[in-house]
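Structure first, commentary second.
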Amino acid sequence: LAKTTQPISMDSYEGQEVNITCSHNNIATNDYITWYQQFPSQGPRFIIQGYKTKVTNEVASLFIPADRKSSTLSLPRVSLSDTAVYYCLVGDTFSGGYNKLIFGAGTRLAVHP
Amino acid sequence: NAGVTQTPKFQVLKTGQSMTLQCAQDMNHEYMSWYRQDPGMGLRLIHYSVGAGITDQGEVPNGYNVSRSTTEDFPLRLLSAAPSQTSVYFCASSYSGGRATNEKLFFGSGTQLSVL
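The structure is reproduced here in structure tokens:
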């Protein structure tokens, strides 16, 4: 079973708020939820991480409901430069106990003028 | 700090050739890993290392070798390149050693490899 499920793509316009939801029904008690951003021709970049409730930083907010089976990345007032792929990760491990950090296809966000 | 540095940025190989992709980090991170990313897809883990002298296989290790003789360097070797290995390769590192539930990866800028 996939650890996370998120929309393949989203479209928005400059100045709008964008919310990307990730489903992680089998999240373990100790797992954090981490989001990365990837621009074309660059490696992914960590943007936000949370365990429960709400986390906010200078880039985004992350909302996590009490059951933690989903999370929502919120990008306020997007600009053209927010066009990127956004990945949601939750914990998984190899048999030896080390983290298996699996990046799915992510959500391709296109911001239009 | 330079962060995670990958060389070369671009490489073209012929089928059967071998080469080494270099990755170095100056953040004293114990955990390092290699991913490949095919067009329009996510990243797949090839190999990882949790410290000098310790490496293990990821999701797609076949056709690749790694070693970790120092904390700073984690080279990826293609033994006999095949067209199916045409991809963009990313190296990543993390300070939390590979077991933390709040792991955060730092990525290099990637190596675009074409195998003809």
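From first to last, the protein sequence lines are chains A and B. If you count the first sequence from 1, you need to add 63 to reach the numbering used here. If you count the second sequence from 1, you need to add 17 to reach the numbering used here. Where a beta carbon is used, it is the ideal one built from N, C-alpha and C, also for glycine. Computed from a predicted model, the values in this text were never measured in an experiment.
Query, Result
"Got a sec: is the Cβ-Cβ distance from B/L38 to anything in chain A below 8 Å?", "no"
"Please work out which residues of its chain come closer than 7 Å, Cβ to Cβ, to A/N120, disregarding the five sequence neighbours upstream and downstream, and give them in chain order.", "I111"
"Contact criterion: CB-CB distance below 8 Å. Does B/R94 meet it with respect to chain D?", "Note that chain D does not occur in the displayed structure, where the protein chains are A and B."
"For the beta strand (DSSP E) that B/A41 lies in, which residues bound it at each end?", "36-42"
"So, helix, strand or coil for B/S101, using DSSP?", "helix"
"Is A/D145 helix, strand or coil when you go by DSSP?", "helix"
"Reducing DSSP to helix, strand and coil, say where B/K26 ends up.", "coil"
"Starting from B/V67, trace the beta strand (DSSP E) in both directions and tell me its first and last residue.", "60-68"
"Looking at the structure shown, is A/V81 part of a helix, part of a strand, or coil, going by DSSP?", "strand"
"Name the chain A residues that come within less than 7 Å of B/N119, Cβ to Cβ?", "Y95, Q112"
"Mind the definition here: the stretch 127-146 of chain A touches the stretch 27-40 of chain B only if three or more C-beta pairs lie below 8 Å; say whether that holds.", "no"
"Along the chain, where does the beta strand (DSSP E) containing B/S131 start, and where does it finish?", "128-132"
"With a threshold of 8 Å between beta-carbons, can A/A173 be considered close to chain B, or not?", "no"
"How far does the beta strand (DSSP E) with A/G113 in it extend, from its first residue to its last?", "108-113"
"Tell me which residues share the same chain as B/G68 and place their Cβ nearer than 6 Å to its Cβ, disregarding the 5 neighbours each side in the sequence.", "E47"
"Mark B/F123 as exposed unless 16 or more other C-beta atoms lie within 10 angstroms of its C-beta, in which case mark it buried.", "buried"
"Consider the Cβ of A/L164: report whether some Cβ of chain B lies at a distance smaller than 8 Å.", "yes"
"My guess is that A/F102 and A/A147 are in contact by the Cβ rule of under 8 Å, so how many angstroms apart are they, rounded?", "5 Å"
"Would you say B/M44 reaches chain A, if we count a Cβ-Cβ gap shorter than 8 Å as a contact?", "no"
"Could you check how far apart the C-beta atoms of A/L172 and A/M73 are, in whole angstroms? I think they sit under 8 Å.", "5 Å"
"Are the CB atoms of B/S66 and B/M49 nearer to each other than 8 Å?", "yes"
"Using a Cβ-Cβ cut-off of 8 Å, state whether B/G125 counts as contacting chain A.", "yes"
"Which residue's Cα is closest to the Cα of B/V77: B/E89, B/R61, B/G70?", "B/R61"
"Residues of chain B with CB closer than 8 Å to the CB of A/F109, please, in chain order.", "K121, L122, F123"
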